[in-house]
Amino acid sequence: SQKIEQNSEALNIQEGKTATLTCNYTNYSPAYLQWYRQDPGRGPVFLLLIRENEKEKRKERLKVTFDTTLKQSLFHITASQPADSATYLCALSLSGGYNKLIFGAGTRLAVHP
Amino acid sequence: DAEITQSPRHKITETGRQVTLACHQTWNHNNMFWYRQDLGHGLRLIHYSYGVQDTNKGEVSDGYSVSRSNTEDLPLTLESAASSQTSVYFCASSGLTSGGTNEQFFGPGTRLTVL
Numbered sequence: 001s002q003k004i005e006q007n008s009e010a011l012n013i014q015e016g017k018t019a020t021l022t023c024n025y026t027n028y029s030p031a032y033l034q035w036y037r038q039d040p041g042r043g044p045v046f047l048l049l050i051r052e053n054e055k056e057k058r059k060e061r062l063k064v065t066f067d068t069t070l071k072q073s074l075f076h077i078t079a080s081q082p083a084d085s086a087t088y089l090c091a092l093s094l095s096g097g098y099n100k101l102i103f104g105a106g107t108r109l110a111v112h113p
Numbered sequence: 001d002a003e004i005t006q007s008p009r010h011k012i013t014e015t016g017r018q019v020t021l022a023c024h025q026t027w028n029h030n031n032m033f034w035y036r037q038d039l040g041h042g043l044r045l046i047h048y049s050y051g052v053q054d055t056n057k058g059e060v061s062d063g064y065s066v067s068r069s070n071t072e073d074l075p076l077t078l079e080s081a082a083s084s085q086t087s088v089y090f091c092a093s094s095g096l097t098s099g100g101t102n103e104q105f106f107g108p109g110t111r112l113t114v115l
């Protein structure tokens with residue numbers, strides 16, 4: 001069956017450390033993968049997108065990797081801050097253009113001072 | 001600034017009643033989506049539309065309907081509300097970017113309680 005799995009447990013880290021979140025998928029061949037941030041009581045907000053032919057994408061303190069052989073994406077936040085505390089969702093797009101997204105359940109990140 | 005809004009933000013209704021949740025976007029996006037979010041399930045797609053007069057079923061469409069009469073609005077109707085439809089509902093929109101991608105813009109959500 002098709003599945004997208006993210007760390008179900010909350011991730012607790014110390015301020016200043018690097019947070020690494022995992023997104024694994026099975027029986028999908030995504031054209032690209034997206035990461036979103038969701039704060040309590042709010043809608044998700046788009047952060048980064050990485051295509052199937054890209055290994056790594058960076059934006060400020062954020063880095064995403066995409067390994068289509070392992071069927072895995074890693075999302076890193078370097079020099080983490082308490083303001084980075086939120087739930088992070090990964091989403092697959094099965095083809096480019098207009099196609100809909102398939103979301104994972106999300107990982108809750110808590111950054112402690 | 002362009003935005004996507006949802007109303008109401010909170011709604012309490014009774015089992016068996018018809019309920020309509022509104023979604024309005026000013027991005028001029030062709031694509032609009034409705035999701036529900038429940039603990040442990042993440043975002044699940046209910047219905048989506050790729051343009052005016054176009055609607056499609058998502059993975060959890062039973063008991064829900066949508067119609068798209070203009071670009072800006074995609075109302076979600078619960079025909080006969082059930083307690084299992086208690087959830088937080090998110091509307092989203094997307095348009096094809098110059099890079100050929102389709103990141104979605106989400107509304108603030110509607111918390112629906114069915115008693």
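Chain order of the listed sequences is X and P.
The first sequence begins at 1 in the working numbering and counts up by one.
The second sequence begins at 1 in the working numbering and counts up by one.
Backbone N, C-alpha and C fix where the C-beta goes; we use that ideal spot for every residue, glycine too.
Closest residue to residue i among the options (Cα-Cα distance)
| i | options | result |
| --- | --- | --- |
| residue 42 of chain P | P/88, P/27 and P/22 | P/88 |
| residue 77 of chain P | P/94, P/2, P/23 and P/107 | P/23 |
| residue 106 of chain X | P/62, P/7, P/37 and P/4 | P/37 |
| residue 17 of chain P | P/110, P/91, P/72 and P/81 | P/81 |
| residue 31 of chain P | P/60, P/85 and P/67 | P/67 |
| residue 59 of chain X | X/78, X/22, X/42 and X/21 | X/78 |
| residue 30 of chain X | X/84, X/70, X/62 and X/47 | X/70 |
| residue 81 of chain X | X/1, X/18, X/53 and X/100 | X/18 |
Backbone secondary structure at residue i - three-state DSSP
| i | result |
| --- | --- |
| residue 83 of chain X | helix |
| residue 85 of chain P | helix |
| residue 97 of chain X | Note that residue 97 of chain X scores 48 on pLDDT, short of 50, meaning its location in the model is unreliable; the coordinates nonetheless yield the value given after this. Three-state DSSP puts residue 97 of chain X in coil, outside helix and strand. |
| residue 16 of chain P | coil |
| residue 67 of chain X | strand |
| residue 27 of chain P | coil |
| residue 2 of chain P | coil |
| residue 18 of chain X | coil |
| residue 39 of chain X | coil |
| residue 60 of chain P | coil |
| residue 55 of chain X | coil |
| residue 68 of chain P | coil |
| residue 95 of chain P | coil |
| residue 9 of chain X | coil |
Integer Cβ distance of residue i from residue j, believed to fall under 8 Å
| i | j | result |
| --- | --- | --- |
| residue 92 of chain X | residue 36 of chain X | Residue 92 of chain X to residue 36 of chain X, Cβ: 12 Å. No contact. |
| residue 86 of chain X | residue 109 of chain X | 6 Å |
| residue 58 of chain P | residue 45 of chain P | 3 Å |
| residue 35 of chain P | residue 92 of chain P | 7 Å |
The beta strand (DSSP E) enclosing residue i, as first and last residue numbers
| i | result |
| --- | --- |
| residue 47 of chain P | 42-51 |
| residue 77 of chain P | 76-78 |
| residue 110 of chain X | 107-112 |
| residue 60 of chain X | Premise fails: residue 60 of chain X is in no beta strand (DSSP E) and is neither H nor E. |
Taking any Cβ of chain X, which residues in the region 19-53 of chain P have a Cβ under 7 Å from it, in chain order?
Listed by position, the residues of the region 19-53 of chain P near chain X (Cβ gap below 7 Å) are 31, 33, 40, 41, 42, 43, 45, 48 and 50.
Name, going along the chain, the residues of the region 85-106 of chain X whose beta-carbon falls closer than 9 Å to a beta-carbon of chain P.
Listed in sequence order: 89, 91, 93, 96, 97, 98, 99, 100, 101, 102, 103, 104, 105 and 106.
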